[in-house]
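Peer 1: This structure is in structure tokens; I'll ask about it shortly.
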Amino acid sequence: MKLSAAGERRTEAIANMGTNISFAKALGDGELIVGALAGHETSFEELVRRYQRPIAAYVYRMTGDYDAALDLTQEVFIKVHNSLVRYKSEFKFSTWIYKIAHNAAIDHLRRGAAREQALTTNVDGERREVHIESRRLTPEQESEREERRNEIEAVVHTLPAAYRELIVLRHSHDLSYDEIAEVTGLPLGTVKNRLFRAREAMRDELMQRGITGA
Numbered sequence: 017m018k019l020s021a022a023g024e025r026r027t028e029a030i031a032n033m034g035t036n037i038s039f040a041k042a043l044g045d046g047e048l049i050v051g052a053l054a055g056h057e058t059s060f061e062e063l064v065r066r067y068q069r070p071i072a073a074y075v076y077r078m079t080g081d082y083d084a085a086l087d088l089t090q091e092v093f094i095k096v097h098n099s100l101v102r103y104k105s106e107f108k109f110s111t112w113i114y115k116i117a118h119n120a121a122i123d124h125l126r127r128g129a130a131r132e133q134a135l136t137t138n139v140d141g142e143r144r145e146v147h148i149e150s151r152r153l154t155p156e157q158e159s160e161r162e163e164r165r166n167e168i169e170a171v172v173h174t175l176p177a178a179y180r181e182l183i184v185l186r187h188s189h190d191l192s193y194d195e196i197a198e199v200t201g202l203p204l205g206t207v208k209n210r211l212f213r214a215r216e217a218m219r220d221e222l223m224q225r226g227i228t229g230a
């Protein structure tokens, strides 16, 4: 029995489904966006897979509420899906999605916060710090490292909210100054100035606590 053209396409798509999933993982964001706009579900699913954890972590650090962060992350990807046709390829997709997440988190804080929500992060947990240790740390070294991280986190917690978000974006999510300006809507000079002031404030506080080289 000869299949219609539509039937042949459907059969081919089913046969290639597993291959398409593996292929999507090898594509860049821009190529996945083209695929998603063309109706390929695996393309958008791969974008979600790549960004759901960092977006959820960023939103959590802005809101301080785990459940709200999960809900907001879902909202972010719904907005991304519905707005993908308006995405402009001259901008990095990562910057674009962080801006959507930023706006979602800010709206949430404005809606629900009678009290100031805490932005917490661990500056010592930067991406460059995640590596395989060449040797196993002793229990004493592990204890010292954990204590140092806790001290740094406490210091970050004392920063004004406007400074904390920039520290999160720069040091936890490795965004450039230009990308931070795009995400937050702040002038580039303001971003640089606030980050400088935030680092100076952190350095002074850490020195008062007897911590150097942070």
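The opening residue of the sequence shown carries number 17 in my numbering; numbering runs sequentially from there. Glycine residues also receive a C-beta, built at the ideal position from the N, C-alpha and C atoms.
1) Kindly give me the distance between the Cβ atoms of residue 171 and residue 221, rounded to whole angstroms, as I take these residues to be in contact under 8 Å.
2) With a 10 Å radius around its C-beta and 16 neighbouring C-beta atoms as the bar for buried, classify residue 101 as buried or exposed.
3) Kindly list the residues whose CB is nearer than 7 Å to the CB of residue 210, restricted to its own chain and excluding five residues on each side of it in sequence; keep chain order.
4) I'd like the list of long-range same chain contacts for residue 111, defined as Cβ closer than 8 Å, with 5 residues on each side in sequence excluded.
5) Since residue 62 and residue 53 are thought to touch, with beta carbons under 8 Å apart, how far apart are those beta carbons, to the nearest angstrom?
6) Express the C-alpha separation of residue 59 and residue 203 in angstroms, rounding to a whole number.
7) Kindly indicate which three-state DSSP category residue 55 falls into: helix, strand or coil?
8) Return helix, strand or coil for residue 220, following the three-state DSSP convention.
9) Name the two residues that bound the continuous alpha helix (DSSP H) containing residue 185.
10) Report the three-state DSSP secondary structure of residue 99 (helix, strand or coil).
11) Identify which residue in 124, 123 and 189 has its Cα closest to the Cα of residue 71.
12) Just the Cα atoms here: how many angstroms apart are residue 77 and residue 85?
13) On a Cα-Cα basis, can you pick out the residue from 225, 106 and 121 that is closest to residue 163?
14) Which of the three DSSP states is assigned to residue 80 in this structure?
15) Given that a residue counts as buried once 16 or more other Cβ atoms are within 10 Å of its Cβ, and exposed if not, what is residue 94?
16) Exposed or buried, what is residue 186 when buried is set at 16 or more other beta-carbons lying within 10 Å of its beta-carbon?
17) Cα separation between residue 173 and residue 55?
Peer 2: With the structure as the only source:
1) 5 Å
2) Residue 101 is exposed by the Cβ-count criterion.
3) 178, 179 and 182
4) 191, 195, 198 and 199
5) The C-beta distance from residue 62 to residue 53 rounds to 14 Å, too long to meet the 8 Å contact threshold.
6) Their backbone Cα atoms lie some 33 Å apart in a straight line.
7) coil
8) helix
9) It is not in any alpha helix (DSSP H) - residue 185 carries neither H nor E in the DSSP assignment.
10) helix
11) 189
12) 9 Å
13) 225
14) In this structure, residue 80 counts as coil in the three-state DSSP scheme.
15) exposed
16) Answer is buried; the Cβ neighbour count reaches 16.
17) 43 Å
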